[in-house]
Amino acid sequence: MRSDFSLIVEGKEDIRFLEDFISYHFSHNVNRANFIEVSGKSESLHKAKVDIQKSSVNKLNILIFDADDLDYDSSVTNITNKSKELTLKFDSIFLFPNNQEKGNLESLLRKSVAKGNESLFDCIEDYVKCRDKIGIKNQNHIDEKEKLYIYHGSFKDSGRAKGSERKYLDKEIWDLDSLHLQPLKDFLQKVLF
């Protein structure tokens, strides 16, 4: 694996997942120094501008972000426009979930749970409906991140359920061989090796 690269990501959850994913598929550990966290989406790139510019001098800059609710082309256009505005250079871009569709890391992870565990999300959805029906005020909204937190925390000896501390190598919880992860694997194979 090449060592002259930086992975520019939105947050700590992305770092944690990519560390385990690369270790699992390519038998290499990525040094934390290879990650640049922008703590947000493309509009937050300015926060890491100096680090990204330093990295682009002698390293391959690889941006891995969420496509979110935009289609791939619109997301890439937004990122490209923001990078031009900030004079940032990205050698390669991958957008979760699969470099084609709208979505994010959470939507990719939801499709990558271990076989047989998908029905746990039905239970989580039932809980959300029941909770909403009760109508208690000041409840937190349960989004996809929170559902993954509940899912991961459902397993004995699963470790911490928080996204930045989660262990994705546990085959009873996650299926890192899921076909949904193949586009990411192919992309990383191409840019890192």
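Residue numbers for the sequence shown follow the working numbering, beginning at 16 and rising by one.
For glycine and all other residues, C-beta sits at the position ideal for the given N, C-alpha and C.
Asked	Found
Quick test of the definition: if touching needs 3 or more C-beta pairs under 8 Å, does the stretch 24-41 touch the stretch 177-187?	yes
Quick one: complete beta strand (DSSP E) runs, 3+ long, within the stretch 103-186?	107-111
The ligand NAP and residue 162: does any heavy atom of the ligand fall closer than 6 Å to the residue's C-beta?	In terms of ligand content, the structure shown is empty, and the ligand NAP therefore cannot be addressed.
So residue 103 packs on residue 64, CB below 8 Å; how close in whole Å?	7 Å
Along the chain, where does the beta strand (DSSP E) containing residue 23 start, and where does it finish?	20-24
How many angstroms separate the CA atom of residue 179 from the CA atom of residue 150?	31 Å
Rounding to the nearest angstrom, what Cα-Cα distance links residue 28 and residue 148 in this structure?	31 Å
Assuming residue 124 and residue 163 are in contact, meaning their beta carbons sit under 8 Å apart, how far apart are those beta carbons, in whole angstroms?	6 Å
Can you give me the start and stop residues for the beta strand (DSSP E) that residue 75 sits inside?	75-81
Quick one: Cα of residue 69 to Cα of residue 75, how far?	11 Å
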